[in-house]
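Residue numbers (my numbering): 539 to 1173.
Quick reminder that beta carbons are idealized off the backbone N, C-alpha and C, glycines included.
The model shown is predicted, which means the values in this text are computed figures rather than measured ones.
Note sheet for the following structure.
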């Protein structure tokens, strides 16, 4: 696991070592073990390496036999051993035992199609000196990040936005559409970033640069059709085989490894398979909260006891929010998933004992684990006239009802159930509902930002009209929520602690197999979520872990905003500087804050989203005023 950077210029503008060094230094946390650089006139590659495989001879950048091609890699190639043997049989000579070197030889052998032969999580750059051509590639699902900026004919790239911000020539103008999308979803959807000039390479794509011309091509996408002709019993056998192979491949490392264990089905089954496949005792790490409604430690502990793991726990308390400035700096753009806090702390805990940790990411998006899938199925089958009850469909009616988790869910369901499928799903995945967003934005900001929005969720939903409802929802989440929220959260929070995380349930073979399963194997009769995976899990997990309600990885920030975070949040959200940005009507923000503090309404998600945006501005706009285009900020 590493961080990579690079520059490719046209003409006589030679790349200097100090340019690459500055970019690399900004992401040193991703690879504290080694810094590497390769310069070739107008091209430079840089890397910060976290040593995982081939600790002694696996330094980067790595070249082919005659040094006509060089590669830097962020990630892991899990099939590198079999790939290396195949390439050796074709006449290639290797200097190391690292997975990185297999990429440059695969490029020699297969050209740009080398990505088709890689099984893993990766973002790489290959400099083909003989052709004066640069090739960037990103893994199929977007586990590893890769940002780039094209300024004229010159190309800059890096694992994180912060690396690109070290280059003074990259414009700092904010992307208004990305900002509006952030407010709606709590993240900036790919391929945009909060900066108009910086983009994210989409997953399953390559980018080539030659003579100042950039070409982006897709090489992979999840296929949900045609469906497999398979029985439930056959599917269970094949799923177990594939999961074991995915876990086995992710146990290959020359450093200590463990697992992040939440106590949910996904991470628990990973731990179960690790215990079966590992020679020694598995180390597990769990996070809890003082608030019992958010705490899963008992469930994680039950799995740890069953498999005799070396188990470690950490309780996240309100003062843990002191990490917010650190998280804001690491994420580089506004990011509003509050579970980044416990993810950061569980990664910090794990890093004290291991360098690699497996997790359960991806199970919900592959096997239909979210409650909203069931709600969508139910809404599609409920007579529309039932949704026309004014008292229940009014967007603010929940404020007059008793405060209850289940009442809140019911109102959330009814307020959108009568909408068309696409709009309903967008409403249920929004952090700030469109009606509320329209009420708090200034007229000037709303007009400019809304016209530039991508409406990423709605767009993704429309891309697969041929799929059944369940697969359409899964495909939408893979392209939006999984990619832009969950994978970003885990990558940034773990790499901030120099911890590599691996996700067996996001193995390309597992994901593709799950996609082509009949929808009923995932959402059974519209009610049983993760049906096939849970049936398999009966073989490995305690019944208490299988039968409990899904909790997610939530954080009690609503309570924190009324208590220990109240002063910090008020200073940020109600400040004169926040108002002067021109985004929001101050009176509307004051009302949100007052209602939440009084317990009249629950505005946790909107307030948290606005708070993280303001903290981002303080870090990346206010503190960087000389290099940020403030004409793109003030309205």
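Residue environment for residue 1105: exposed (fewer than 16 other C-beta atoms within 10 angstroms of its C-beta).
Counting only runs of 3+ residues, the beta strand (DSSP E) found wholly inside the stretch 711-739 occupies 736-738, in chain order. Counting only runs of 3 or more residues that sit fully inside the stretch 853-907, the beta strand (DSSP E) segments are 894-896, in chain order. Of the residues assessed, residue 994 falls on the buried side of the cut-off, its CB having 16 or more other CB atoms within 10 angstroms.
Residue 1012 is not a Cβ neighbour of residue 681, given a cutoff of 8 angstroms. With a cutoff of 8 angstroms on beta-carbon distance, residue 827 and residue 853 are scored as near each other.
Secondary structure of residue 615 (DSSP, three-state): strand.
The C-beta distance from residue 1157 to residue 867 rounds to 6 angstroms, short enough to meet the 8 angstroms contact threshold.
Annotation: the continuous alpha helix (DSSP H) that includes residue 915 extends over 909-918. Short of 7 angstroms from the beta carbon of residue 975, and not among the five residues preceding or following it, lie these beta carbons of its own chain, in chain order: 721, 722.
The beta-carbon separation of residue 606 and residue 668, rounded to 5 angstroms, stays under the 8 angstroms limit for a contact. Minimum Cα-Cα distance from residue 960 among the listed residues 695, 581, 1014 corresponds to 1014. In the same chain as residue 747, and ignoring 5 residues on each side of it, the C-beta atoms closer than 6 angstroms to its own belong to 546, 672, 693, in chain order. Beta-bridge pairing by DSSP links residue 572 to 587. Spatial neighbours of residue 876 in its own chain (CB-CB distance under 8 angstroms, excluding positions within 5 residues in sequence) are listed in chain order as 1092, 1093, 1095, 1146. If you draw a straight line from the Cα of residue 1058 to the Cα of residue 1136, it comes to about 45 angstroms.
Distances from the alpha-carbon of residue 817 to those of 837, 834, 824, 796 put 796 closest. For the pair residue 633 and residue 820, the Cα-to-Cα distance works out to about 32 angstroms. Membership of residue 1122 in any alpha helix (DSSP H) is not indicated, and neither H nor E is assigned to it by DSSP. Residues 960, 964 of the same chain have their beta carbon placed closer than 7 angstroms to that of residue 996, with the five preceding and five following residues left out of the count. In terms of CA proximity to residue 689, 707 leads the group 1128, 1116, 707.
Sorting 900, 848, 885 by C-alpha distance to the C-alpha of residue 1053 places 900 at the top. Between residue 1042 and residue 674 the beta-carbon gap is near 26 angstroms, outside 8 angstroms, which marks them as no contact. Residue 1079 and residue 897 have their alpha carbons spaced roughly 16 angstroms apart.
With the rule of 3 Cβ pairs closer than 8 angstroms, the stretch 772-781 does not count as touching the stretch 701-718.
Remark: C-beta atoms of residue 697 and residue 889 do not approach each other more closely than 8 angstroms. The shortest C-alpha to C-alpha distance from residue 958 to any of 1007, 985, 991, 981 is the one to 1007. The beta carbon of residue 709 sits closer than 8 angstroms to those of 689, 733, 734, 735, 1167, all from its chain and outside the five residues before and after it, given in chain order.
The DSSP-derived three-state label of residue 636 is coil.
Annotation: the continuous alpha helix (DSSP H) that includes residue 1051 extends over 1046-1054. Looking at the DSSP output, residue 751 shares a beta bridge with 748. Beta-bridge pairing by DSSP links residue 544 to 583, 695. Minimum Cα-Cα distance from residue 559 among the listed residues 551, 1124, 583 corresponds to 583. Nearest Cα to residue 754 within the set 761, 768, 729: 729.
Where residue 688 is concerned, the enclosing beta strand (DSSP E) starts and stops at 685-689. Across the set 1031, 1119, 807, 864, the C-alpha of 807 shows the shortest separation from the C-alpha of residue 842.
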